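Reading through the structure tokens given below for one structure.
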Amino acid sequence: MAEDGAHPPGARLIGGRYRLTDRLGTGPTGTVWRAWDEDAEGHGRVAVKEPLLPGDPAGDEESGRLAHRLYREARAATRVRHPCAVTVYDVVTEAGVPWIVMELVEGESLATALRRGPLPPAEAARIGLAVLGALRAAHAVGIVHRDLKPANVLLESGTGRVVLTDFGIGDGPAGDAPAGFTAPERAAGPGAGPASDLWSLGALLRTAVGDADPGPLGPLLDRLLAEQPEARPGAEQVAWALREYLGTGDEPDAMEAHGADAAEATGGPGGTAVREVPGAPEVTGAPEVTGVPGAADTPETGDAPDAVSAPPEGPPGAESRTQSPTEPRPGPLRRLVPDLAAPRRRTPLAALGLFLAKKPGDD
1432 MAEDGAHPPG
1442 ARLIGGRYRL
1452 TDRLGTGPTG
1462 TVWRAWDEDA
1472 EGHGRVAVKE
1482 PLLPGDPAGD
1492 EESGRLAHRL
1502 YREARAATRV
1512 RHPCAVTVYD
1522 VVTEAGVPWI
1532 VMELVEGESL
1542 ATALRRGPLP
1552 PAEAARIGLA
1562 VLGALRAAHA
1572 VGIVHRDLKP
1582 ANVLLESGTG
1592 RVVLTDFGIG
1602 DGPAGDAPAG
1612 FTAPERAAGP
1622 GAGPASDLWS
1632 LGALLRTAVG
1642 DADPGPLGPL
1652 LDRLLAEQPE
1662 ARPGAEQVAW
1672 ALREYLGTGD
1682 EPDAMEAHGA
1692 DAAEATGGPG
1702 GTAVREVPGA
1712 PEVTGAPEVT
1722 GVPGAADTPE
1732 TGDAPDAVSA
1742 PPEGPPGAES
1752 RTQSPTEPRP
1762 GPLRRLVPDL
1772 AAPRRRTPLA
1782 ALGLFLAKKP
1792 GDD
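Throughout the sequence shown, residue numbering follows our numbering, covering 1432 to 1794 in sequence.
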């Protein structure tokens, strides 16, 4: 498959099919490139992550072990398939380094959007519900994100789709975790689980609304930010509370239903694989993973572009092959929840606080 428009002279070909066209950004853990999949049945435009490894994987034993671990984790990450989780298509090795081929998301990060000011609580809740769906899909296949922060939440241009990206690279040092978004148990040591991601989700939502009174969301945020993991609500309770606040009822919407439906199919605590990814590598066995490799630690500030996103105006050339939700939501960030300036509620405001003592489905 050839891209509409010429690629730069001498553009590097990775894995015999992914033609690098331009650099999207460089961070502490590597460089993200925009690329074109030249396979006849390929994905079109993609993002390719080139991890930064200490030393030469071919000649340094420690670097070689890290490269192998990144490769294994990236292959496992192909199992996380959810409309709000960035799709990992492929992993190819060049000179001992695993290059990670991902869905290209054109847009900006939540961190960039928040530099313009905090969000209304309803917008924050809508974004949080989408992120939660992606987290549940990851948790269902044994992956803990470990690096949830505004820079790793992308807002797709033209659709308003929320996309979680940049999963952590395993049991890295706690000092590498993002300040302000790291659960207490993660900061105290390498131990982290799904409850740690929920703490980070609470921190993200608190940051998104800024100093404003979160109103009925307050009790939920307080519980998510509890110091002890066992004191935090489960993912299903959090989803129920956010839907209750947004007035969307008890049934998951199109963006989160995938996460709710898969718990039974996968035997996991929530989340699912809902999109078939053509050409994704086969993963067998139970992966010893905690995240997408080599993608953490993108600076919250600076000039580096966000994760696997491209500039908002988008590149020239062929149409993007990025998948979008069933019902795209047009418009900028402020219109992600166009009819929720004052959240609709089918029950009194006090009902939101009931999740503290009542689980979804209770009479």
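Backbone N, C-alpha and C define an ideal beta-carbon position, used for all residues, glycine too.
Quantities reported herein were computed from a predicted structural model and do not represent experimental measurements.
By the criterion of at least three beta-carbon pairs nearer than 8 Å, the region 1524-1532 is in contact with the region 1442-1458. For residue 1638, the enclosing alpha helix (DSSP H) covers residues 1625-1640. Around residue 1629, the same chain offers 1655, 1663, 1666 and 1669 as residues with beta carbons nearer than 7 Å, after the five sequence neighbours per side are excluded. 7 Å or more divides the Cβ of residue 1586 from the Cβ of residue 1534.
In this chain, the alpha helix (DSSP H) harbouring residue 1494 covers 1492-1508. Cα atoms of residue 1546 and residue 1641: separation of roughly 11 Å, rounded to the nearest angstrom. Under the three-pair Cβ rule at 8 Å, the region 1507-1517 counts as touching the region 1556-1574.
Here residue 1661 carries a helix assignment [DSSP, helix/strand/coil]. When only Cα atoms are considered, residue 1652 and residue 1467 end up about 41 Å apart. Straight across, the Cα-Cα distance linking residue 1562 with residue 1598 is about 12 Å. Pairing residue 1560 with residue 1673 gives a Cβ-Cβ distance under 7 Å. Using a Cβ distance threshold of 7 Å, residue 1568 and residue 1513 count as a contacting pair.
Here the alpha carbons of residue 1469 and residue 1637 stand approximately 43 Å from one another.
About 12 Å separates the beta carbons of residue 1536 and residue 1519, which is beyond the 8 Å limit, so they are not a contact pair. Assigned with DSSP and collapsed to three states, residue 1669 falls in helix. When secondary structure is reduced to three states using DSSP, residue 1653 falls in the helix class. Residue 1490 is classed as exposed because its beta carbon has fewer than 16 other beta carbons within 10 Å across all chains shown. For residue 1482, the enclosing beta strand (DSSP E) covers residues 1476-1482. Relative to residue 1679, the option among 1657, 1445, 1475 and 1557 whose CA is nearest is 1557.
Counted as a single uninterrupted DSSP element, the stretch harbouring residue 1450 is not any alpha helix (DSSP H) but the beta strand (DSSP E) occupying residues 1449-1458. Residue 1541 is positioned such that its CB atom lies closer than 7 Å to that of residue 1581.
Inclusion of residue 1625 and residue 1570 in the CB contact set at 7 Å is warranted, their separation being smaller than that value. Distance between residue 1521 and residue 1445, taken at the CA atoms: about 11 Å. One thing to note: residue 1549 has its Cβ within 7 Å of the Cβ of residue 1643. With fewer than 16 other CB atoms across the displayed protein chains lying within 10 angstroms of its CB, residue 1487 is exposed. Burial state of residue 1617 is buried, judged by a 10 Å Cβ sphere holding 16 or more other Cβ atoms. A distance below 7 Å between beta-carbons, with the five flanking residues on each side excluded, links residue 1615 to the following residues of its chain, in chain order: 1658. Residue 1526 is not a Cβ neighbour of residue 1639, given a cutoff of 7 Å. Secondary structure at residue 1567: helix, using DSSP grouped into helix, strand and coil.
For residue 1543, the closest of 1578, 1622, 1515 and 1584 by C-alpha to C-alpha distance is 1584. In the DSSP assignment, residue 1618 falls outside any beta strand (DSSP E) and lies within the alpha helix (DSSP H) extending over 1615-1618. Nearest neighbour of residue 1485 by Cα position, chosen from 1504, 1675 and 1461, turns out to be 1461. In the DSSP assignment, residue 1466 falls within the unbroken beta strand (DSSP E) covering 1461-1468. DSSP, read as helix, strand or coil, puts residue 1486 in coil. DSSP, reduced to helix, strand and coil, places residue 1582 within a helical segment of the structure shown. The closest CA to that of residue 1595, considering only 1578, 1677 and 1492, is found on 1578.
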